[in-house]
Amino acid sequence: MTAQRLADGRIEVAVQPSSPGAACGERLLPRRRFLPADAEAGRWLVTAPLRIDDVVLRVAARHLAGGATEVAMQLRSTGDGTWGPRLLPRRRFVPAALEADRWLSSSPVNALVPTYNSVLERAQLVTLYGYPNTPPMGILGRGSPEQVADQAAEFAAAYDRLNGDRDVIPAFHLITGVAQAHPTADGTWISRMPPELISEYVELARERGMHVFLDEQIGWSDPLTEVKKLEPFLREPFVHVAIDPEFATKRLERRPGLAIGGVTGAEINEVQRYLASIVATEGIPPKILMVHQFTPWMVTDRADIVDLFEVDLSIDMDGFGGIGIKLQHYDLFAVPEPSERPAIKVFLRYDTPVLTPEQIQALEPRPDIIVYQ
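Adding 6 to a residue's 1-based position in the sequence shown gives its number in my numbering.
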């Protein structure tokens, strides 16, 4: 894909086909190919379709809040004619300060290779968990966003060396809803991370090719209500959700932290259906919904949890301690249905000893997501 910023602020997009070993051909200009200068930030607009040999495609583009413009490609299914998820090349941004009438090219997009539905079909995710500038809550709080991104890349590289052809992608894991020891004005016992702070990590993840998990501790609220507050971020294809039943204690009439709470299968289904609606509306790959669990009552009615194509449900074995009990609980909670993508959390300060990447990659099944706290 190529794009240029015009003197009047509009963005013009085009497609340049190429074949292996050959240079790009001339630009193909769709009939509808201009993104207005005043288009709403964050809203994707699409070109008219283009046919190149047997492939029908279109370019999607949107302005970002910081002034840059993002481009993506969508392919039309040869079966039912529906449009697939947006394909996001690594180099896909038109800078806000780009001089007028200068064409920039994205990284190549291979339109002939079937696309992956879920990122987890091609990659493991390694996440660093915590709250910014709060080291006791996890490793994410021990450095600036850039420092944490660098460290996440180092953790991911350790797994990538053991992972054969499968990729490993680093991720931020932000506790966006933090359970409190004292009542809050709205009665939820939850303190919510400011959106501008979330945005800082989301934008850096976009720049670095990372993913992001937004983790909700629920308190005396409910999972769907808290997840809905994150919708502007969940429209991004690389942003996912985690919920932590440990702190969902309203049914127990105890404040968070005094008892281990839980959520029901029905509550998980509500969140799944909501995420599925975002996936369908935005035309993006499936979302990951992670649910932390280390006791049976943290997730009740597991048999009632539905399987939705648009959502990868990942149960994360969340307890700390010795290797034996961690692996026993991994097999008990993270591996069986309804978990589709097993995950395991590593506590760098509290596990005795800390599982190594070699030990984790030797697990059967191998976890799709590894969380470091």
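Ideal placement from N, C-alpha and C gives every residue a C-beta, glycine not left out.
Where residue i falls: helix, strand or coil (DSSP)
i, result
"I204", "helix"
"L210", "helix"
"L63", "strand"
"S283", "helix"
"R355", "coil"
"G271", "helix"
"R148", "helix"
"F315", "coil"
"Y122", "Because Y122 carries a pLDDT of 49, less than 50, the predicted location of this residue cannot be relied on, and the following value inherits that uncertainty. Reduced to three states, the DSSP call for Y122 is coil."
"Q186", "coil"
"V297", "strand"
"P176", "strand"
"G330", "helix"
"W303", "helix"
"D322", "strand"
"D221", "strand"
"E160", "helix"
For residue j and residue i, the rounded distance between their alpha carbons
i, j, result
"D107", "Q10", "6 Å"
"N139", "L220", "16 Å"
"R49", "F300", "39 Å"
"A13", "L110", "15 Å"
"A158", "R37", "43 Å"
"M199", "P229", "16 Å"
"V132", "P176", "5 Å"
"I181", "L70", "24 Å"
"G15", "A78", "19 Å"
"T287", "L93", "16 Å"
"M304", "P373", "20 Å"
"P302", "P262", "18 Å"
Beta-carbon proximity of residue i to residue j, cut-off 8 Å
i, j, result
"T267", "F253", "Before going further, note that residue 267 is Gly rather than Thr in the sequence given. A contact, by the Cβ cut-off of 8 Å."
"P371", "V352", "no"
"Q80", "L63", "yes"
"M7", "V115", "yes"
"R241", "I294", "no"
"S112", "R98", "yes"
"I375", "Q130", "yes"
"F244", "V218", "yes"
"Y165", "V377", "no"
"A67", "L41", "yes"
"Q365", "N169", "no"
"A311", "I274", "Checking the sequence, you will find Ile at residue 311 rather than Ala. A contact, by the Cβ cut-off of 8 Å."
"Y207", "F178", "yes"
"L126", "D318", "yes"
Residue i versus the options, residue with shortest Cα-Cα distance
i, options, result
"S227", "R279, M216, G144, V184", "V184"
"D44", "G31, A74, R260", "A74"
"L314", "R279, A158, M79, Q367", "R279"
"L369", "P344, E160, I329, A117", "I329"
"K234", "L281, L34, P251, Q379", "L281"
"D357", "M323, I375, E206, V61", "M323"
"V360", "P344, G325, S345", "G325"
"I350", "M296, D86, Q22", "M296"
"F239", "P201, I321, I181", "P201"
"A309", "E316, W303, E343, D318", "E343"
"E32", "P363, L354, I58, L210", "I58"
CB contact below 8 Å: residue i versus chain E
i, result
"G263", "Among the chains in the structure shown there is no chain E, since it carries only a single protein chain."
- Say whether the segment 151–163 touches the segment 192–199, bearing in mind that this needs 3 or more beta-carbon pairs closer than 8 Å, one atom from each stretch. Verdict: no, contact absent.
- Could you tell me whether the segment 141–148 touches the segment 51–64, where touching means 3 or more Cβ pairs closer than 8 Å? no
- With a cut-off of 8 Å, do at least 3 Cβ pairs link the segment 282–293 to the segment 326–342? no
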